[in-house]
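The listed protein sequences derive, respectively, from chains A and B.
If you want the numbering used here, it's the position in the first sequence, counting the first as 1, plus 13.
If you want the numbering used here, it's the position in the second sequence, counting the first as 1, plus 13.
2 protein chains.
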Amino acid sequence: MTPQTRRRLLHACQEIVGADGVVSAPDELRVYERDALTTHHRATPDLVVLPTSTDQVASVVRVCATAGVPIVPRGAGTGLSGGAIATAGGVLIVLTRMNRILDIDLPNRTATVEAGCVNLAISRAVTPRGFFFAPDPASQQASTIGGNVAENAGGPHCLKYGATKNHVLGATVVLPSGEIVQFGGRLADQPGYDLLGLFVGSEGTLGICTEVIVRLLPLPQAVKTILGVFRSVEEASNAVSGIIARGIVPVALEMIDQETTQAVEAYAHAGYPLDAGAVLLIELEGRSAEVATEAFEVEQECRAHGCLDARVAQNEEERALLWKGRKSAAGAFGRMTRNYYHQDAVVPRTKLAAVLQEIAAIGVQYGVRVPNVFHAGDGNIHPLLCYDDRVPGQFERAMAAGDEIMRCCIRAGGTVSGEHGIGLEKREYLRLMYSDDDLAAMQRVRAVLDPVGNCNPGKIFPEARHAEASP
Amino acid sequence: MTPQTRRRLLHACQEIVGADGVVSAPDELRVYERDALTTHHRATPDLVVLPTSTDQVASVVRVCATAGVPIVPRGAGTGLSGGAIATAGGVLIVLTRMNRILDIDLPNRTATVEAGCVNLAISRAVTPRGFFFAPDPASQQASTIGGNVAENAGGPHCLKYGATKNHVLGATVVLPSGEIVQFGGRLADQPGYDLLGLFVGSEGTLGICTEVIVRLLPLPQAVKTILGVFRSVEEASNAVSGIIARGIVPVALEMIDQETTQAVEAYAHAGYPLDAGAVLLIELEGRSAEVATEAFEVEQECRAHGCLDARVAQNEEERALLWKGRKSAAGAFGRMTRNYYHQDAVVPRTKLAAVLQEIAAIGVQYGVRVPNVFHAGDGNIHPLLCYDDRVPGQFERAMAAGDEIMRCCIRAGGTVSGEHGIGLEKREYLRLMYSDDDLAAMQRVRAVLDPVGNCNPGKIFPEARHAEASP
């Protein structure tokens with residue numbers, strides 16, 4: 014961007030959102046050079062704008078469109094695939110000031126919120142009245158609903174309830190042209206093309222969502238959390254299949270391997286046994302009678318697969334402690350390794366045990382520690398590649414191991430992302446899943462809403478292929 | 014189409030699918046002039062082709078694209094909005110010969126079937142092994158999965174399980190160019206744009222789906238069906254809200270009004286009381302303990318809303334009889350009126366009682382009988398407009414009443430279709446829901462996959478607006 018263009022843009026944006034809504038000083042801009050993808054990707058935007066209304070967003074987008082400047086939407090910046098990094102420069106549009114809950118309609122079980130509303134704030138607002146918002150990404154204390162929509166965010170409880178896509182009924186979207194459109198509405202399954210379905214998970218490449226109508230669910234009558242302790246990841250994996258095969262759908266079914274339990278225990282004291290090869294954290298929600306029966310059956314199933322112990326949390330305190338362990342994993346890893354790269358992939362549930370074995374072997378081969386704590390119920394694994402960026406070669410080895418792991422998941426019939434998105438990080442891996450024709454079809458759809466290609470450029474789609482390029 | 018073009022096409026199609034796979038005799042073509050939309054729409058296709066493989070479909074589509082001839086996909090022709098009528102002529106591609114189940118993968122809970130596979134055939138194949146396919150349109154004994162995908166078909170049990178969209182993981186699609194693409198896959202929430210989500214419910218305007226990967230669910234442990242008998246539609250509506258407010262999600266929550274129960278009883282002898290203003294048919298599915306508790310609570314809730322009687326079917330025979338009544342409604346109406354037009358709309362559940370009252374008043378005003386049997390749990394109403402096409406003016410009055418009903422539903426915050434689709438029937442009503450910009454955005458997306466506009470032309474989108482045209 015020429016200094017002249019930048020000055021003109023700065024002035025125009027200040028006109029729209031006020032001087033305090035634009036960040037332009039170089040040192041302040043550096044705050045926005047990356048998101049929660051903590052490997053090597055970073056880029057400084059030319060400007061950061063913090064609008065407070067849909068109209069302001071539309072005006073900023075129009076100014077950028079006229080100037081031919083890239084726009085990049087950003088919520089809380091908790092995304093793990095680099096989706097909110099302004100790789101091509103341009104204007105970063107940060108929606109955190111648009112954080113209001115606009116309407117709560119309990120009889121029809123919907124809430125209308127601004128895109129910058131924090132995920133957990135929705136449940137906080139309706140829990141006293143007996144409802145909640147189901148998607149629960151690990152980042153839910155910070156991440157915004159707009160970002161959740163962009164990434165089709167998942168979370169432990171999405172095993173039963175499904176990812177963000179299943180909980181969004183409508184969205185107000187500013188298209189890359191600056192036009193404001195409404196996708197979906199207050200009722201499910203609106204007639205006409207499902208542009209809302211297309212938009213959710215499009216990672217900010219089709220426009221900027223400014224308001225979202227979400228579905229609320231009634232709070233479950235009862236919750237029970239069970240810790241299953243196993244000798245090996247394989248036995249734990251078999252128990253996962255056994256539980257699902259019985260027709261039980263826990264709300265959460267998380268696996269934590271030995272390396273992780275040891276790291277977590279040193280830090281959170283959740284009561285995980287240190288000598289277990291793997292533990293399962295299984296949560297059941299529903300009506301009391303159902304949950305009691307299911308808890309009994311889950312225990313049975315764990316024992317049938319040779320568990321060393323299976324115990325039901327006896328009260329809310331015990332339950333919170335078990336979850337504290339799971340939720341502290343990221344923090345514990347921070348103490349365990351200087352740097353880490355958080356992978357995300359999905360494999361068919363029946364292939365879990367085999368893939369985890371292969372991942373362990375890959376770790377050994379590359380000399381990289383790869384602890385794993387993940388959503389076992391839906392086969393969504395999160396191998397954590399540990400490295401120390403001060404030691405030459407470690408970063409490269411970790412990335413190479415990550416590459417092997419991706420290929421192994423694809424070979425097993427899996428996909429390269431379960432809930433973190435493609436973003437910058439996994440663009441080239443899409444080639445392992447889709448043909449050039451498939452990718453071209455997606456890009457032609459993109460071109461309808463973003464003909465110039467200036468809306469979050471450089472994300473999702475692989476770079477144009479060169480002779481030597483390969484993922 | 015010129016006779017010459019038609020001859021050339023006939024020859025080319027015969028080459029592709031064999032002589033017995035092409036229908037060209039005028040009297041045989043008339044069989045295909047309409048689908049289950051039984052009002053005034055009909056049109057004879059120029060040719061009907063019955064392919065037996067994806068490659069054959071692609072070849073036929075390519076031949077049509079080269080000739081610039083419209084293509085219209087058709088399954089069993091049970092659609093209620095005219096989606097399978099070849100309004101602009103051209104080649105009707107009928108998928109009923111592609112009815113094989115290709116693969117059943119129970120551990121991962123998927124089945125891969127050809128698009129012409131009948132809905133119920135899927136459940137029949139997996140029920141002995143403990144699974145089922147959830148979407149259950151009334152037509153499920155005849156309708157094909159391809160048609161279900163095109164219309165995003167619903168059904169009584171979709172209250173709990175969601176419509177077809179929620180049960181389709183992947184689809185093989187022949188684009189209007191003849192290109193074969195794969196949308197989605199065996200795992201949910203694939204990375205990249207959700208073109209599968211866009212395709213489901215696009216009513217055959219974006220391509221022809223030839224194979225579908227569906228999600229299977231484990232059979233519920235227990236089922237209970239309850240008949241709630243009420244003095245009035247209003248009391249029954251309040252009971253619906255009451256049941257949902259308690260956090261119970263029945264698999265089905267159907268309302269049958271007095272005019273319908275009387276018609277049905279004369280025919281099916283289901284044991285519905287003749288003096289009730291409305292009955293609710295409530296079905297619960299799940300684990301035994303849960304279903305027992307919920308059945309008790311549903312009875313309580315019915316009584317709290319003044320029901321005259323609430324009884325649980327005591328055995329499978331009683332249960333089947335209650336459902337026989339519901340499922341015989343269409344047949345019973347056939348005895349009650351010479352012709353009828355089956356409306357489809359959705360209103361917020363909280364507006365049900367008010368809207369139903371208004372519909373009754375509209376019926377009186379236009380002198381049209383409007384019995385109503387519908388999916389009350391999700392506010393999906395199906396007013397049945399009765400007329401006799403031999404009596405001058407009756408058809409026109411019924412259509413005018415239907416028009417009023419649509420507008421009344423929209424005013425209440427509803428939508429113009431819940432599960433039957435837009436097709437030919439409701440094109441102009443989309444204007445009541447969407448702005449010209451919204452519709453233009455959808456049509457631009459269509460143009461990506463169908464640039465010429467020859468894939469099921471004349472469906473979904475309103476005719477280009479003329480000065481005098483209004484829905």
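Every residue gets a Cβ at the ideal spot worked out from N, C-alpha and C, and that includes glycine.
Nothing here was measured: the structure is a model prediction, and the numbers come from that model.
Residue i, DSSP secondary structure in three states
i, result
"Ala454 (chain B)", "helix"
"Arg424 (chain A)", "helix"
"Arg19 (chain A)", "helix"
"Lys472 (chain A)", "coil"
"Cys171 (chain A)", "helix"
"Asn251 (chain B)", "helix"
"Asn165 (chain A)", "coil"
"His388 (chain A)", "strand"
"Val76 (chain B)", "helix"
"Asn112 (chain A)", "coil"
"Pro396 (chain A)", "strand"
"Thr157 (chain A)", "strand"
"Gln327 (chain B)", "coil"
"Phe346 (chain B)", "helix"
"Cys130 (chain A)", "coil"
Contact under 8 Å by Cβ, residue i with residue j
i, j, result
"Gly429 (chain B)", "Pro204 (chain A)", "The sequence as given places Val at residue 429 (chain B); Gly does not occur at that position. Their beta carbons are under 8 Å apart, which means Val429 (chain B) touches Pro204 (chain A) by this criterion."
"Thr223 (chain A)", "Val70 (chain A)", "yes"
"Val194 (chain B)", "Ala454 (chain A)", "yes"
"Glu109 (chain A)", "Thr65 (chain A)", "Glu is not the amino acid found at residue 109 (chain A); the sequence shown has Thr there. It is not a contact, given that the beta carbons lie outside the stated cut-off."
"Leu229 (chain A)", "Phe145 (chain A)", "yes"
"Pro58 (chain B)", "Leu105 (chain B)", "yes"
"Gly95 (chain A)", "Leu437 (chain A)", "yes"
"Tyr354 (chain A)", "Ala411 (chain A)", "yes"
Straight-line gap, residue i to residue j (C-alpha atoms, nearest Å)
i, j, result
"Glu312 (chain B)", "Ile239 (chain B)", "8 Å"
"Gly191 (chain B)", "Arg55 (chain B)", "27 Å"
"Asn352 (chain A)", "Gly338 (chain A)", "20 Å"
"Asp402 (chain B)", "Arg348 (chain B)", "15 Å"
"Tyr379 (chain B)", "Cys421 (chain B)", "15 Å"
"Ala291 (chain B)", "Leu211 (chain B)", "38 Å"
"Val262 (chain A)", "Glu41 (chain B)", "50 Å"
"Gly217 (chain B)", "Ala283 (chain A)", "54 Å"
"Glu476 (chain A)", "Asp451 (chain A)", "15 Å"
"Glu296 (chain B)", "Pro169 (chain B)", "9 Å"
"Asp416 (chain B)", "Gly427 (chain A)", "49 Å"
"Gly197 (chain B)", "Met446 (chain A)", "10 Å"
"Ala101 (chain B)", "Leu22 (chain B)", "16 Å"
"Cys77 (chain B)", "Val246 (chain A)", "55 Å"
"Ile435 (chain A)", "Gly406 (chain A)", "25 Å"
Outcome for residue i when other beta-carbon atoms lying within 10 angstroms are tallied against a minimum of 16
i, result
"Pro189 (chain A)", "buried"
"Leu287 (chain B)", "exposed"
"Ser254 (chain B)", "buried"
"Val187 (chain A)", "buried"
"Asn328 (chain B)", "exposed"
"Ser136 (chain A)", "buried"
"Arg47 (chain B)", "buried"
"Ser152 (chain B)", "buried"
"Gly103 (chain A)", "buried"
"His11 (chain A)", "Residue 11 (chain A) is absent from the model: chain A starts at 14 and stops at 484."
"Val461 (chain A)", "buried"
"Glu481 (chain A)", "Since pLDDT at Glu481 (chain A) reaches only 41, below the 50 mark, its modelled position is unreliable, and the value read off the structure follows with that caveat. Counting Cβ neighbours within 10 Å, Glu481 (chain A) comes out exposed, since fewer than 16 surround it."
Within-8 Å CB hit, residue i to chain B
i, result
"Ser254 (chain A)", "yes"
"Ser136 (chain A)", "no"
"Arg228 (chain A)", "no"
"Val461 (chain A)", "yes"
"Ala482 (chain A)", "The pLDDT assigned to Ala482 (chain A) is 39, lower than 50, so where the model puts this residue is not dependable, and the model offers no usable value."
"Asn112 (chain A)", "no"
"Leu297 (chain A)", "no"
Residue-level contact to chain A via CB, residue i, 8 Å cutoff
i, result
"Glu192 (chain B)", "yes"
Residue i: contacting residues in chain C (beta-carbon distance under 8 Å)
i, result
"Gln356 (chain B)", "Checking the listed chains, one finds no chain C in this structure; the protein chains it contains are A and B."
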